[in-house]
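Number of protein chains: 2
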Amino acid sequence: MGKKKFSIGEFSSRSGVSVRTLHYYDEIGLLQPEKHPTSGHRIYCEEDVHILQKIISLKFLGYNLDKIKKMVKEPSFSIDLADTLNLHMKALETEKEKMEKSLLAIRRVTTLLEEEGEVDSTVLMSLIGNIQTEKEQMEWMENHLPQNVIDELDNKSEEERLALDKTYIRLAKQLKELYHLPVDDPKVQQFVEVYLQETFQFLGEDLVQTLGEVDVPETEIEKFEQMNPSPFSKEEEEWLNLAIEYYMKQTEMLTEG
Amino acid sequence: MGKKKFSIGEFSSRSGVSVRTLHYYDEIGLLQPEKHPTSGHRIYCEEDVHILQKIISLKFLGYNLDKIKKMVKEPSFSIDLADTLNLHMKALETEKEKMEKSLLAIRRVTTLLEEEGEVDSTVLMSLIGNIQTEKEQMEWMENHLPQNVIDELDNKSEEERLALDKTYIRLAKQLKELYHLPVDDPKVQQFVEVYLQETFQFLGEDLVQTLGEVDVPETEIEKFEQMNPSPFSKEEEEWLNLAIEYYMKQTEMLTEG
DNA sequence: ATAAATCCTCACGCAGCTGGAGGTTCAACA
DNA sequence: TGTTGAACCTCCAGCTGCGTGAGGATTTAT
């Protein structure tokens, strides 16, 4: 007769699970306590404590209520459960990776905002997108770029990445400011010079050379761009290409002449 | 005239966002492309690519569609965004912690299942609950138990914890097997002896002694039990207590006599 | 006896989609 | 030009895991 009985309110406050949730668990057949024959009030017993404990624990492991419903009825678990557990673990690990990337993205963005004050949203989003699709981009690069470039990029530290991001932001800002000028405008040409210098500095001149010689099919380039669209419009990109072309010609003439 | 236009199908496959989702984003006013005046077909343009990029990136940072809706319209982001970002970061970190605990729980459970073959589900769930409420339990213990016990527990390695779990499982199994016997049955008494020995071994005899002398109010004990209910029924616990009492008396008689 | 607390059963709402029904429109081919 | 078939349209329904509130019954305390 020492069987302890609980009203739903007491059961709720003891377990920390809300009354509504208990109602819901009853409704879906997950935890159905005895009911008072006339009033209909739920009467939870000691066993229900353990069932709820199971439910909470399985939820904690990441199972949904449907699966939990099936598992709750098992009096014991054996190795064949390990398979499902393994599956879940993989799913959780994937999610964890994603979360870590998000955290990284937030940290980077915070730093950038602190140091730059204000950043064009398209450019910022492009940077975030880069973090997001980092893995795919890496895979793409490993398939299409020479190993020395990959190695060099792998070696970049977090600070160097940040510096690159900042450079990128500033250049993007300037580009959008200068876009209305003709490509042979001295301001534009100076901009191009800085742009190329920064690139050289980051990658090293020989790597840039190598990159220029690599021949990647157009379809593959498109794939890459689909992963993470550039923050510039087609017109802006065209304009930048023309400006670089012009700069190159001028430099050639200077060195040759 | 070089403006690229996309049908919803093309836009979908290029961006990786499903047609249905694009419909939804249109519906909630998040991304509303031009529509063909007669057919009503959606026509996405280059700018929409960037807007979607923003949406994806902001989602990645953890914002909900409602906030994203407001943010998408901003042409640039400034430091005052850092506050919201910080908030999000904290939320993400909390979630990450929870996920890591889940992963730890799964790993432990997998190991236990592999090594034990089959485990009583109530016992297993109790162990999972332990991981889940580890933090609260630690806090409770720091408030109610002497420091040397805490220190000793802190020093336990992952393997020692695993060993303890296994012991726990085996003892629980035995307890449930022996429960029908009277407490003075030799089998039961031998079980108690092993049980106490294992406890001594894990904590050290002097710590057990200290623990026995610590006087924790009943209400606090209840709090602790509510965090993580024991896998045994009240009757089983009573039975175990009686069995231990009996064992103690016998030992006293032996040493005194 | 009555007031306050607790309980009951509907039933709608949320986010962020996904899916199906039933009907246009478009592109290509005969 | 007619005819497929794919792609598109709108509208409505459903999913998870509850939260919230209405409106009424029951229990508990005074």
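Sequence order for the protein chains is Z and X.
So for the first sequence, our numbering puts the first residue at 21; every next one is plus one.
So for the second sequence, our numbering puts the first residue at 21; every next one is plus one.
Even glycine gets a Cβ: it sits at the ideal position worked out from N, Cα and C.
No experiment lies behind these values; they were computed from the predicted model shown.
Taking a contact to require three or more Cβ pairs closer than 8 Å, the region 112-121 of chain X and the region 47-58 of chain Z do not qualify as touching. Nearest in C-alpha terms to residue 229 of chain X, of all of X:239, X:216, X:241, X:98, is X:216.
In the structure shown, residue 138 of chain Z falls within a strand segment according to DSSP collapsed to helix, strand and coil. Closest by C-alpha distance to residue 126 of chain X, out of Z:102, Z:179, Z:212, Z:271, is Z:102. Residue 128 of chain Z counts as buried, since at least 16 other C-beta atoms from the protein chains shown sit within 10 angstroms of its C-beta. Within the model, the alpha-carbon separation for residue 201 of chain X versus residue 261 of chain X is close to 14 Å. For residue 274 of chain Z, no Cβ of chain X is located within less than 8 Å of the residue's own Cβ. Here residue 268 of chain Z is exposed: its Cβ has fewer than 16 other Cβ atoms, across all protein chains shown, within 10 Å.
Pairing residue 186 of chain X with residue 136 of chain X gives a Cβ-Cβ distance under 8 Å.
Around the beta carbon of residue 110 of chain X, fewer than 16 other beta carbons lie within 10 angstroms, which makes this residue exposed. Sixteen is the threshold: since fewer than 16 other Cβ atoms of the shown chains lie within 10 Å of the Cβ of residue 168 of chain Z, the residue is exposed. Counted as a single uninterrupted DSSP element, the beta strand (DSSP E) harbouring residue 63 of chain X occupies residues 62-65. Non-local C-beta neighbours of residue 124 of chain X in its own chain, meaning closer than 8 Å and more than five positions away in sequence, comprise 151, ordered along the chain. Inside the region 180-263 of chain X, DSSP marks whole alpha helix (DSSP H) runs of 4 or more residues at positions 206-223, 225-233, 238-247, from first to last along the chain. Here DSSP, grouped into helix, strand and coil, assigns residue 121 of chain X to helix. Closest in C-alpha terms to residue 83 of chain X, from the list X:146, X:104, X:99, comes X:104. Collapsing the DSSP output to three states places residue 98 of chain X in a strand.
DSSP, read as helix, strand or coil, puts residue 25 of chain Z in strand. Scanning its chain for C-beta atoms nearer than 6 Å, with the 5 sequence neighbours on each side dropped, one finds around residue 191 of chain Z the residues 215, in chain order. At least one beta carbon of chain X lies nearer than 8 Å to the beta carbon of residue 125 of chain Z. At least one CB atom of chain X sits nearer than 8 Å to the CB of residue 109 of chain Z.
When the alpha-carbon of residue 43 of chain X is set against those of X:35, X:62, X:33, X:56, the nearest one is in X:62.
Here DSSP, grouped into helix, strand and coil, assigns residue 155 of chain Z to helix. When secondary structure is reduced to three states using DSSP, residue 55 of chain Z falls in the strand class.
When rounded, the separation of the alpha-carbon atoms in residue 116 of chain Z and residue 116 of chain X is 7 Å. Here residue 147 of chain Z carries a helix assignment [DSSP, helix/strand/coil]. At a cut-off of 8 Å between beta carbons, residue 152 of chain X contacts chain Z. Burial check for residue 144 of chain X: the Cβ neighbour count within 10 Å reaches 16 or more, so the residue is buried.
Membership of residue 45 of chain X in the alpha helix (DSSP H) is indicated by the continuous run 39-47. If the five residues before and after residue 156 of chain X are omitted, its C-beta is found closer than 8 Å to the C-beta atoms of 247, all from its own chain and listed in chain order.
Proximity of chain X to residue 86 of chain Z at the Cβ level (cut-off 9 Å) is not reached, the minimal Cβ distance being about 18 Å. Looking at Z:218, Z:142, Z:78, Z:55, the one whose alpha-carbon comes closest to that of residue 98 of chain X is Z:142.
The continuous alpha helix (DSSP H) containing residue 168 of chain Z extends over residues 167-174.
Secondary structure at residue 83 of chain X: coil, using DSSP grouped into helix, strand and coil.
Taking 8 Å as the cut-off, the Cβ atoms of residue 81 of chain X and residue 148 of chain Z count as close. Taking 7 Å as the cut-off between beta carbons, the residues of the region 228-249 of chain X near chain Z are 246, 249, in sequence order.
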